[in-house]
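Remarks on the structure that follows.
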């Protein structure tokens, strides 16, 4: 097994996939805890569909670097979604659902009407399910992904206390002098960046799994925000590594394999939680 | 205490990058084929997911692979252009989601009669040939030349 992994590691595309996969998993799990606690678990799904729609438009416009269009469009929608959660007639879950299916439908419609690709269904399938996208990254894309991931991690570490405050009680944070709107905006931007990056790893339909499963698994066993965040990050990285290696060796789809490993880890953590509850002195 | 998450994250990222960067050996370990063609890139023992991705990358970054001997496994596919009276042969590998496929066109070394001497469509084959580029109607295409073709119960 070790020899097989070493053989595959000789290929740059496999090394790139592992680096990017681990970084994306780390970033998504960090913000995942915040999103789950803020009851925005499904925002990843909505934003990934927005990114899909934006990618379709970028393709039609023949933009050489679609990231220049996809990233701002996704960030804009992330800001709108997080802002509409509280003060508008359309509440958070309905807004996410509308933007999610709307962007998906419009993106697919535009692709059908204006695409010049000879394999439309293949392109759509690849974008939705990730396919082998993570294994076809260029060196420049790997660098971009690495830099953005490092920035996301640094932002999370620097603003850890503020994100913690905004996550649990916005009103209290506001009363304590925290600029809640500014930090919500920061969270929205970071989420959008993670979503666009994660589309390469698991495709736009499976991104929510990267955000939700590690956080939910960690919450089965741990109670404090810090321990849940750390456990979620470690678990997400381990699941991504395992999933990528399994898919590379067994020839399975990368995105769905990672999600399957995440589901397995969640079941294990559920079992651990039950054992802890039953044991003397367990929570 | 506040530094614990910072240290943890930095250590985690550093270790991951170190592990991934550790293997920097050359991808193309030369291997001898029975006909003593030195294979520069052997994809025949890799999983479908990696072969698909490697062939995709090869098509995108073809300049560094021109003239190199490539060995890959996939299924046989042929396309007959009746207007030109030309038959194109390819070794095709589908991706894991089965919605996309990558293939390399090949020209079997020496004269062979199609379809009698070729495998049936969809047969698992292994091709070993030198990557070359050619122009047709103003478009550049990649293919393997001087190709050795192998399949079960075949050559």
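Protein chains in written order, with our numbering: chain S, 1 to 283; chain P, 1 to 155. Heads up, the beta-carbon is just placed ideally off N, CA and C, and yes, glycines get one too.
Confirm, please, whether the CB-CB distance from residue 80 of chain P to residue 90 of chain P is below 9 Å.
-> no
In this structure, does DSSP put residue 49 of chain S in helix, strand or coil?
-> helix
Verify the CB distance criterion: does residue 159 of chain S have a CB-CB separation below 9 Å to chain P?
-> no
Neighbouring residues, chain P, relative to residue 14 of chain S (Cβ below 8 Å) | 50
Return the residues of the region 53-69 of chain P that lie within a Cβ-Cβ distance of less than 9 Å from chain S, sorted by chain order.
-> 53, 54, 56, 57, 60 and 61
Opposing strand residues paired with residue 91 of chain P [DSSP bridges] = P/76 and P/104
Closest to residue 123 of chain P by CA distance: which of P/153, P/139, P/83 and P/64 is it?
-> P/153
Hey, quick one: how far does the alpha helix (DSSP H) through residue 134 of chain P stretch, first residue to last?
-> Here residue 134 of chain P belongs to no alpha helix (DSSP H); instead the beta strand (DSSP E) covers 124-136.
Is the Cβ of residue 46 of chain P closer than 9 Å to any Cβ of chain S?
-> yes
Using a threshold of 9 Å, state whether the C-beta atoms of residue 26 of chain S and residue 229 of chain S are closer than that.
-> no
Beta-carbon proximity list for residue 215 of chain S, same chain, < 6 Å, skipping 5 on both sides = 32, 33, 36 and 232
Which one of P/38, P/45 and P/39 has the shortest CA to CA distance from residue 7 of chain S?
-> P/45
Do the region 43-57 of chain P and the region 243-252 of chain S make contact, defined as three or more Cβ pairs closer than 8 Å?
-> yes
To the nearest angstrom, report how far apart residue 61 of chain S and residue 115 of chain S are at their CA atoms.
-> 10 Å
contact_flag[the region 43-56 of chain S, the region 190-204 of chain S] where n(CB pairs < 8 Å) is 3 or more | yes
Short CB-CB distance (under 9 Å) between residue 2 of chain S and chain P = no
Sorry if obvious, but does the Cβ on residue 76 of chain P come closer than 8 Å to a heavy atom of the ligand PLP?
-> The ligand PLP is absent from the structure shown, which contains no ligand whatsoever.
Report yes or no: is there a C-beta of chain P within less than 9 Å of the C-beta of residue 11 of chain S?
-> yes
Would you list the residues sitting across from residue 145 of chain P in a DSSP beta bridge?
-> P/130
Using the DSSP secondary-structure output, state which residues sit across from residue 37 of chain S in a beta bridge.
-> DSSP output for residue 37 of chain S lists no bridge partner at all.
In chain order, what residues of the same chain lie with their CB nearer than 8 Å to the CB of residue 159 of chain S, ignoring the 5 residues before and after it?
-> 183 and 186
Note down the Cα distance separating residue 140 of chain S from residue 146 of chain S, rounded to an integer number of angstroms.
-> 10 Å
For residue 51 of chain S, collect the residues of the same chain with a Cβ closer than 7 Å to its Cβ; drop the 5 residues on either side in sequence, then sort them by chain order.
-> 70, 74, 195, 196, 199 and 204
Distance between beta carbons of residue 107 of chain P and residue 143 of chain P, contact taken as under 8 Å | 6 Å
Name the two residues that bound the continuous alpha helix (DSSP H) containing residue 160 of chain S.
-> 160-168
Minimum Cβ-Cβ distance from residue 91 of chain P to chain S less than 9 Å = no
Can you tell which of P/53, P/92, P/149 and P/88 has its C-alpha closest to the C-alpha of residue 127 of chain P?
-> P/149
Residue 5 of chain S beta carbon less than 9 Å from that of residue 240 of chain S = no
What is the C-beta distance between residue 101 of chain P and residue 92 of chain P, in whole angstroms, given that I count them as a contact (C-beta under 8 Å)?
-> 5 Å
Kindly indicate if chain P contains any beta-carbon less than 9 Å away from that of residue 135 of chain S.
-> yes
Mind listing which residues of the region 10-44 of chain S have their C-beta closer than 9 Å to chain P's C-betas, in chain order?
-> 10, 11, 12, 13, 14, 15, 16, 17, 18, 19, 22, 23, 26 and 30
In terms of residue numbering, what span does the alpha helix (DSSP H) encompassing residue 2 of chain S cover?
-> 2-9
Which value, in whole angstroms, describes the spacing of the CA atoms of residue 63 of chain P and residue 130 of chain P?
-> 13 Å
Going by the beta-carbon positions, is the gap between residue 111 of chain S and residue 101 of chain S smaller than 9 Å?
-> no
For residue 109 of chain S, three-class secondary structure by DSSP | helix
Test: residue 8 of chain S CB closer than 9 Å to a CB of chain P = yes
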